[in-house]
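Sequences listed follow chains A and B, in order. So the first sequence is numbered by the working numbering: it starts at 154 and just counts up by one. So the second sequence is numbered by the working numbering: it starts at 3 and just counts up by one.
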Amino acid sequence: MEKKEFTSHVSGSFNRALEELFNQVLEMGGLVERQLASAIHAVQNYDIQEAREVINLDKLVNQQEIEIDRLSVRLLARQQPTASDLRLVIASIRLGVDLERMGDEVVKIANMVIQIAKMDDGRCQGLEGYKQLIEIASRATEMLQKALNAFARLDIKDCSSIIEEEERVDELFKVTTDEVMALFKDSDVDVVCLFELIYALRASERITDHARNMAETIIYLVNGQEMRNIDPNRLAEFLENIS
Amino acid sequence: MRFHEEVIGIAGLVLLATVLGLFTQAWGWSFVVAFLLYVLRNMYFFAQFLRMVKSPDLVAQQVPFGVWGDVFDAYFEKSYKEKRQIKRLRSETDQVQQAMNLLPDAHISLSKNFKIEWINHAAEDLLGLNQRDVGQLITNLLRQPEIIAYFEMADFEQSVEFYQTHQSTQRLSASMVPYFQHHFLFIVRDITAEHNLAQVRRDFVANASHELRTPLTVVTGYLELMQDELASFPPLWHGPVEQMSSQAQRMQNIINDLLTLSSIEADSYKTPPDVIDMQDVLMALEQEMHQLSQNEHDIKFEIATHKNLFGLVDPLRSVFVNLVSNAIRYTPAGGKITVRWFENKQHQLVFQVKDTGIGIAREDIPRLTERFYRVDTARSRSSGGTGLGLAIVKHIIERHQAKLDIQSRLKVGSTFRVIFPTAMVRDPA
Chain A
154 MEKKEFTSHV
164 SGSFNRALEE
174 LFNQVLEMGG
184 LVERQLASAI
194 HAVQNYDIQE
204 AREVINLDKL
214 VNQQEIEIDR
224 LSVRLLARQQ
234 PTASDLRLVI
244 ASIRLGVDLE
254 RMGDEVVKIA
264 NMVIQIAKMD
274 DGRCQGLEGY
284 KQLIEIASRA
294 TEMLQKALNA
304 FARLDIKDCS
314 SIIEEEERVD
324 ELFKVTTDEV
334 MALFKDSDVD
344 VVCLFELIYA
354 LRASERITDH
364 ARNMAETIIY
374 LVNGQEMRNI
384 DPNRLAEFLE
394 NIS
Chain B
3 MRFHEEVIGI
13 AGLVLLATVL
23 GLFTQAWGWS
33 FVVAFLLYVL
43 RNMYFFAQFL
53 RMVKSPDLVA
63 QQVPFGVWGD
73 VFDAYFEKSY
83 KEKRQIKRLR
93 SETDQVQQAM
103 NLLPDAHISL
113 SKNFKIEWIN
123 HAAEDLLGLN
133 QRDVGQLITN
143 LLRQPEIIAY
153 FEMADFEQSV
163 EFYQTHQSTQ
173 RLSASMVPYF
183 QHHFLFIVRD
193 ITAEHNLAQV
203 RRDFVANASH
213 ELRTPLTVVT
223 GYLELMQDEL
233 ASFPPLWHGP
243 VEQMSSQAQR
253 MQNIINDLLT
263 LSSIEADSYK
273 TPPDVIDMQD
283 VLMALEQEMH
293 QLSQNEHDIK
303 FEIATHKNLF
313 GLVDPLRSVF
323 VNLVSNAIRY
333 TPAGGKITVR
343 WFENKQHQLV
353 FQVKDTGIGI
363 AREDIPRLTE
373 RFYRVDTARS
383 RSSGGTGLGL
393 AIVKHIIERH
403 QAKLDIQSRL
413 KVGSTFRVIF
423 PTAMVRDPA
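Okay, here's the thing in structure tokens:
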């Protein structure tokens, strides 16, 4: 699929509807990008205000998902798209779902900030796992940005790096959870803090999973190839080809 | 012109027909044959000319005999001219393009639907775009909510500030300039340095004032105590204590003004804008000013309109107080001060303070609103000014999109006018 697609139809309203859908996905993406960036910032500064903003932004994100669904349904009903147009509609719905889930995960990170800040004696601050949390979340931001750029440009060059990055983050997550688990045995640290931290780590790891899903959806959109649940060897070969 | 060639050609054909007629005695047929030859030749060149015009590239060829030669010549000449023209235009566009690429700020040309038409090198570096992004909607690649809101609002008088990525510390400022029939130039500038500098200055002023205030409070506290117990000091110290406390008071005023200024700059007002009852404000102001002048001046208030302002009450009140108290300070005893509140012909509300004071020299007027700028240092200090009053006035007025107009003549007097935009005018309830 190429970018010219939106001007290739005889029907002007079809072109417009496709483009509107496309732009809507990217606008929603921009919001989630902001949400995630603010959440990282909030974690770094224990900033409740910013964490609350992240949670408020989520309402907007949810509305945007509904808007994407509405546009998709309208397109399906009125224009009966086929081939790449159909793939765009399907991909938009999927990306919308992934982005919305990401928004929910970011809210979990923001909640952790609020919970921790509420215990204002500072006993939760400066724990071992925060650095890794910020690390994973930052990587997630980058992956999301790459995925959205890939979608905007319909260019799957970067998609393989997103998928590889996700696998690296999985390992990092595993190591970090082990470290935090070890802290549980350490009687000095408050268990509530550790629980919050584990939730947030899990949430940021989930965000990278969604970013991977997005990359897969974009490959499906551009190439028409399905690559969910294919075996690792074929996946490696495939990634080699597209990058 | 090759009409003579054509005539020679026709004459040749007539001759051919005559010779043919003499030989065959079929005069009619001979002339028909000659005429057909003429027509066929014309049709041949017509077809060739058509092919030449239609072909994309220009092939030089032998110019035919007769008027067709003229036609071919004219066509060749015109084509060459056009070719040169195109070449010149292309080199000019290349030149402009190269110049655009050398510009340090990112320039993106947008169509009226905000689709990218071309970008320069700075845009590639600064914003991570590439040449293949031509045709994309700008907000698809710059997805910052600020940018999206900016394009949705479509108010391109203002600029918008944003960060490129979440990690980057580069502060960018973007503005839109309409150009060339419904096209836009989207210009993005790196303002990190300026942004930081302004921040540093603001922080410094705010912090320094706070730091100075604490020790000063201690000093003034003890000075007040000393003043109360003045009788227990030797008379030699009475004068110095008085002076110390008046100077400490002055310092306190300066610090308060600095803090006011930094809170205006930081946009931190306690109350939101509201409709201001100007009658109340001006009446209170009148009383306050009579007290300040201690009836040494002839102060007159003229309230010519009942319309009210929509804005921030306390900052605007301090604007009025500053302007009138300046007039009192710089007008010798017995002088006249007229304060007018009226609506001008453009339906803007105007607050005007006119005095018969010492006046301001022309070259000083533009610098009046600078911090600590004083026309006459000694005089200003002795009259208790902090040097920040007009700076505060200017900042508050800018916040309200109002205008400060100063007219003055040395030794004759000054007129200060604050002109509020019509958007701030409210009818009385």
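For each residue, glycine too, the CB sits at the ideal point set by N, CA and C.
DSSP three-state assignment for B/Val355, whether helix, strand or coil: Residue mapping note: residue 355 of chain B aligns to position 353 of the second sequence, counting from 1. In this structure, B/Val355 counts as strand in the three-state DSSP scheme.
B/Asp276 in three-state terms, based on DSSP: Here the question's residue 276 of chain B lines up with position 274 in the second sequence. In the three-state scheme derived from DSSP, where H, G and I count as helix and E and B as strand, B/Asp276 is classed as strand.
Residues in the segment 174-190 of chain A having any Cβ partner in chain B nearer than 7 Å: In summary, the residues of the segment 174-190 of chain A whose CB is separated from some CB of chain B by less than 7 Å are Asn176, Leu179, Glu180, Gly182, Gly183, Leu184, Glu186, Arg187, Ala190, in the order they occur in the chain.
Unbroken beta strand (DSSP E) run spanning B/Phe303, endpoints: Position 301 of the second sequence, counting from 1, holds the residue named residue 303 of chain B. 300-305 is the extent of the beta strand (DSSP E) around B/Phe303.
Residue nearest to A/Ser191 in terms of C-alpha spacing, selected from A/Asn209, A/Asp341, A/Val178: Position 38 of the first sequence, counted from the first residue, corresponds to residue 191 of chain A. Comparing Cα-Cα distances from A/Ser191 to each of A/Asn209, A/Asp341, A/Val178, the minimum goes to A/Asn209.
Interface residues of the segment 292-310 of chain A facing chain B [CB-CB below 9 Å]: Within the segment 292-310 of chain A, contact with chain B at the beta-carbon level (separation under 9 Å) is assigned to Thr294, Glu295, Gln298, Leu301, Asn302, Phe304, Ala305, Arg306, Asp308.
Beta-carbon proximity check, A/Arg359 vs A/Glu253, cutoff 8 Å: Residue 359 of chain A sits at position 206 when you count from the first residue of the first sequence. Residue 253 of chain A sits at position 100 when you count from the first residue of the first sequence. Not closer than 8 Å, so no.
is_contact[B/Arg173, chain A] using C-beta, thresh 8 Å: Within the second sequence, numbered from 1, the residue matching residue 173 of chain B stands at position 171. Not closer than 8 Å to any Cβ of chain A, the Cβ of B/Arg173 fails to qualify, so no.
CB of A/Ala389 within 8 Å of CB of A/Ala300, strictly: As a working mapping, residue 389 of chain A is identified with position 236 in the first sequence. As a working mapping, residue 300 of chain A is identified with position 147 in the first sequence. Cβ atoms of A/Ala389 and A/Ala300: not closer than 8 Å.
Any chain A beta carbon closer than 8 Å to B/Asp205: Reading the second sequence from its first residue, position 203 is the one you call residue 205 of chain B. Against chain A, the CB of B/Asp205 has no partner CB under 8 Å away; the residue lies outside that interface.
Rounded straight-line distance, which links the Cα of B/Ile193 to that of B/His397: One-based indexing of the second sequence puts residue 397 of chain B at position 395. One-based indexing of the second sequence puts residue 193 of chain B at position 191. When rounded, the distance between both Cα atoms is 22 Å.
Beta carbon proximity, B/Ile193 to chain A, threshold 8 Å: Here residue 193 of chain B is taken as the residue at index 191 of the second sequence, counted from 1. With 8 Å as the cut-off, B/Ile193 does not count as an interface residue toward chain A.
Three-state class that DSSP yields for B/Val420 in the structure shown: Taking the first residue of the second sequence as position 1, residue 420 of chain B is located at position 418. Three-state result, B/Val420: strand.
Within chain A, partners of B/Ile150 - CB distance below 7 Å: On the second sequence, position 148 is the one that residue 150 of chain B refers to. Neighbours of B/Ile150 on chain A, chain order: Glu180, Gly183.
B/Pro66 at chain A interface by Cβ criterion, 8 Å: Residue numbering aside, residue 66 of chain B sits at position 64 when the second sequence is read from its first letter. It does not; no Cβ of chain A falls within 8 Å.
Ranges of the alpha helix (DSSP H) found wholly within the segment 200-285 of chain A, counting only runs of at least 4: Whole alpha helix (DSSP H) segments, 4+ residues: 201-232, 236-271.
Chain A contact for B/Gln146 (CB, 8 Å cutoff): Here residue 146 of chain B refers to the residue found at position 144 of the second sequence. It does; some Cβ of chain A falls within 8 Å.
is_contact[B/Gln138, chain A] using C-beta, thresh 8 Å: Translated into the one-based positions of the second sequence, residue 138 of chain B becomes position 136. Under the Cβ distance rule, B/Gln138 counts among the residues neighbouring chain A, one pair being separated by less than 8 Å.
The segment 248-264 of chain B / the segment 388-406 of chain B touching (three or more Cβ pairs under 8 Å): Yes, the segment 248-264 of chain B is in contact with the segment 388-406 of chain B.
Within chain A, partners of B/Thr141 - CB distance below 8 Å: Taking the first residue of the second sequence as position 1, residue 141 of chain B is located at position 139. Chain-ordered, the chain A residues with CB closer than 8 Å to the CB of B/Thr141 read Asn176, Leu179, Glu180, Gly183.
Extent of the continuous alpha helix (DSSP H) to which B/Trp29 belongs: If you number the second sequence from 1, residue 29 of chain B lands on position 27. Unbroken alpha helix (DSSP H) run through B/Trp29: 29-56.
Neighbour list for B/Thr222 in chain A, Cβ cutoff strictly below 7 Å: By one-based count along the second sequence, residue 222 of chain B stands at place 220. Under the 7 Å cutoff, chain A gives no residues; its nearest Cβ is about 35 Å from B/Thr222.
CB of B/Leu503 within 8 Å of CB of B/Asn122, strictly: The structure shown does not extend to residue 503 of chain B, since chain B spans only 3 to 431, so no value can be given for it.
For B/Arg145, the three-state DSSP class (helix, strand or coil): Counting from one through the second sequence, the residue named residue 145 of chain B turns up at place 143. Reduced to three states, the DSSP call for B/Arg145 is coil.
Environment of B/Thr216 [buried if 16+ CB atoms lie within 10 Å]: Counting from one through the second sequence, the residue named residue 216 of chain B turns up at place 214. With a threshold of 16 other beta carbon atoms within 10 Å, B/Thr216 falls short and is exposed.
Buried or exposed by the 16-neighbour rule on C-beta atoms within 10 Å, applied to B/Glu226: Against the second sequence, residue 226 of chain B aligns to sequence position 224. Exposed.
B/Ile150 beta carbon less than 8 Å from that of B/Val162: In the second sequence, the residue the question calls residue 162 of chain B occupies position 160. In the second sequence, the residue the question calls residue 150 of chain B occupies position 148. Contact flag unset, no.
The segment 354-373 of chain B / the segment 321-336 of chain B touching (three or more Cβ pairs under 8 Å): Counting Cβ pairs under 8 Å, three or more are found: they touch.
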